[in-house]
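Engineer: Residue numbering for the sequence shown follows the UniProt record's numbering, beginning at 1 and increasing consecutively.
Cβ coordinates follow ideal geometry from the N, Cα and C atoms, glycine included.
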Amino acid sequence: MDDLGAEVFEGQRARLFGLAYRLLGSAAEAEDLVQETYLRWSRVTGPVEVPAAWLTRVITNLCLSRLTSARRQRESYAGPWLPEPVLTAGGALGPLETVEQRESVSMGVLILLERLTPVERAVFVLREAFGHSHAEIAGVLGIEEAHSRQLHRRARAHVGEPRKRFESDREQHRRIVRRFLEAATRGDVAALERLLADDVIAWTDGGGSVTAARRPVYGLGKVARYLGGFVTRPEAAGVVVEFLEVNGEPAALIRGPGGDLLAIMTMELDGDHVAAVRTTVNPAKLAFAGAQLA
Numbered sequence: 001m002d003d004l005g006a007e008v009f010e011g012q013r014a015r016l017f018g019l020a021y022r023l024l025g026s027a028a029e030a031e032d033l034v035q036e037t038y039l040r041w042s043r044v045t046g047p048v049e050v051p052a053a054w055l056t057r058v059i060t061n062l063c064l065s066r067l068t069s070a071r072r073q074r075e076s077y078a079g080p081w082l083p084e085p086v087l088t089a090g091g092a093l094g095p096l097e098t099v100e101q102r103e104s105v106s107m108g109v110l111i112l113l114e115r116l117t118p119v120e121r122a123v124f125v126l127r128e129a130f131g132h133s134h135a136e137i138a139g140v141l142g143i144e145e146a147h148s149r150q151l152h153r154r155a156r157a158h159v160g161e162p163r164k165r166f167e168s169d170r171e172q173h174r175r176i177v178r179r180f181l182e183a184a185t186r187g188d189v190a191a192l193e194r195l196l197a198d199d200v201i202a203w204t205d206g207g208g209s210v211t212a213a214r215r216p217v218y219g220l221g222k223v224a225r226y227l228g229g230f231v232t233r234p235e236a237a238g239v240v241v242e243f244l245e246v247n248g249e250p251a252a253l254i255r256g257p258g259g260d261l262l263a264i265m266t267m268e269l270d271g272d273h274v275a276a277v278r279t280t281v282n283p284a285k286l287a288f289a290g291a292q293l294a
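This is how it looks when you write it as structure tokens:
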């Protein structure tokens with residue numbers, strides 16, 4: 001591959017990573033498949049009329065193959081599975097200027113995408129996050145345009161319309177997140193109960209590597225007590241909480257006394273109340289965000 005070919009690929013790298021991440025929910029796997037796409041691009045000997053379309057088709061189909069095996073692995077995952085968190089203020093997943101762009105990388109939507117078949121997920125992501133026409137999607141996936149439209153309607157029905165929560169004031173979101181974390185780090189169960197929705201759910205992804213609840217915790221009282229017990233844990237001593245944007249949303253990053261990243265917590269709001277708490281403590285899933293912070 002000549003310098004021009006390498007330059008063309010580098011111009012597409014960020015977009016390809018963002019596409020693969022949305023399809024897989026894993027930054028590490030997305031990086032692997034971006035590299036595999038690069039290797040295939042480097043072996044091309046003839047002219048490629050539209051490089052962006054060629055690269056999109058290759059990485060999308062690599063992701064479809066990976067999703068088939070990933071689904072089997074997630075069925076045997078130890079405890080709740082959450083997508084791998086990514087710091088997004090620096091543009092790691094592309095521009096997040098619109099509601100559609102932000103929702104396409106949110107923890108909530110990435111979890112909902114797990115309901116879809118691999119090809120439904122591909123159609124949804126290519127259409128919703130990247131604005132491809134159904135004719136373009138059909139070319140990427142090797143299907144009829146009418147089939148692409150059908151798959152998109154089906155995917156939308158499964159995912160629903162989650163846009164409402166992204167239309168709230170982002171500064172208010174940050175304030176509620178800060179109040180929530182302050183109450184949790186004080187062990188103030190009463191304050192947590194005032195901030196939580198009645199039907200709140202808390203997930204903690206430890207992957208079997210660290211101590212974490214093996215099932216989701218449901219309901220205001222149980223979630224408040226679960227989170228309020230944080231200060232009693234040995235690892236809570238000397239932690240530092242930092243607020244940054246993760247997956248397009250305000251989030252809390254919890255570091256140990258030595259600066260190691262221990263957890264990333266995102267919160268989904270329903271008005272002025274926290275409706276969902278998703279905490280990643282699995283070290284393998286924190287590695288990418290940790291490298292971003294370095």
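1. Distance, Cα to Cα, R13 vs A202?
2. So what's T279 in DSSP terms, helix, strand or just coil?
3. Thinking C-alpha only, which one of L196, D205, E84 and V246 is nearest V222?
4. Ignore the nearest five residues each way along the sequence and tell me which others in F166's own chain have a CB closer than 7 angstroms to its CB.
5. Taking 8 angstroms as the threshold (C-beta atoms), are L87 and V246 in contact?
6. I need the boundaries of the alpha helix (DSSP H) containing P118, first residue and last residue.
7. Counting only the same chain and skipping the five closest in sequence on each side, list residues whose C-beta sits under 7 angstroms from that of T68.
8. Mark T211 as exposed unless 16 or more other C-beta atoms lie within 10 angstroms of its C-beta, in which case mark it buried.
9. Is it buried or exposed, E84, if we count other Cβ atoms within 10 angstroms and call 16 or more buried?
10. Please report the distance separating the alpha-carbon of E10 from that of I264.
11. Please state whether DSSP places H132 in a helix, a strand or coil.
12. Helix, strand or coil, according to DSSP, for T204 in the structure here?
13. Helix, strand or coil, according to DSSP, for Y218 in the structure here?
14. Within a Cβ cutoff of 7 angstroms, which residues of the same chain sit near Y21, ignoring the five residues on either side of it in sequence?
15. With a CB to CB cut of under 7 angstroms and the five nearest residues on each side skipped, what residues in its chain are close to L244?
16. Cβ of L227 within 8 angstroms of Cβ of A191?
17. Output yes or no for whether 8 angstroms exceeds the beta carbon distance between F60 and A129.
18. When you compare only the Cα positions, how much space is there between Q292 and G271?
19. If I'm right that G108 touches A224 with Cβ under 8 angstroms, what's the distance once you round it to whole angstroms?
20. The beta strand (DSSP E) spanning F243 covers which residue range?
21. Does the beta-carbon of K164 have 16 or more other beta-carbons within 10 angstroms, so that it is buried, or is it exposed?
22. Would a C-beta distance cut-off of 8 angstroms place L262 and V281 closer than the cut-off?
23. Applying the 10 Å Cβ sphere with the 16-neighbour rule, what's the burial state of A155?
24. Which one of S209, H273 and G5 has the shortest CA to CA distance from K285?
25. On the criterion of 16 or more Cβ atoms from any shown chain inside 10 Å, does V177 qualify as buried, or is it exposed?
26. Would you call T279 buried or exposed, if buried means 16 or more other Cβ atoms sit within 10 Å of its Cβ?
27. Starting from A251, trace the beta strand (DSSP E) both ways and give me its first and last residue.
28. Would R174 pass as a contact of G79 if the rule is Cβ separation under 8 angstroms?
29. Mark E144 as exposed unless 16 or more other C-beta atoms lie within 10 angstroms of its C-beta, in which case mark it buried.
Structural biologist: Looking at the coordinates:
1. 35 angstroms
2. In this structure, T279 counts as strand in the three-state DSSP scheme.
3. For the record, residue 222 in the displayed sequence is Lys; it is not Val. Residue L196 is the option with its Cα nearest to K222.
4. Bear in mind that the predicted position of F166 carries a pLDDT of just 49, short of 50, making it unreliable; the figure below should be weighed with that in mind. Beyond the five residues adjoining it in sequence on each side, F166 comes within less than 7 angstroms, by CB distance, of V99, R102 and E103 in the same chain, given in chain order.
5. Taking 8 angstroms as the Cβ cut-off, V246 and L87 qualify as a contacting pair.
6. P118 to E128
7. P118
8. exposed
9. Under a 10 Å Cβ-count criterion, E84 is classified as buried, with 16 or more other Cβ atoms of the shown protein chains found around its own Cβ.
10. 30 angstroms
11. coil
12. Strand at T204.
13. strand
14. A27, A30, V86 and L93, listed in sequence order.
15. L87, A89, A251 and L253
16. In this structure, A191 does not lie closer than 8 angstroms to L227 by Cβ.
17. It should be pointed out that residue 60 corresponds to Thr in this sequence rather than to Phe. No. Outside cutoff.
18. Their backbone Cα atoms lie some 31 angstroms apart in a straight line.
19. Between G108 and A224, the beta carbon gap of about 21 angstroms keeps them out of contact (Cβ cut-off 8 angstroms).
20. V240 to V246
21. Residue placement at K164 is poorly supported in this model, since its pLDDT is 49, which falls under 50; the coordinates are not used for a value here.
22. yes
23. buried
24. S209
25. buried
26. buried
27. E249 to R255
28. no
29. Under the 10 Å beta carbon count, E144 is surrounded by fewer than 16 other beta carbons and is classified as exposed.
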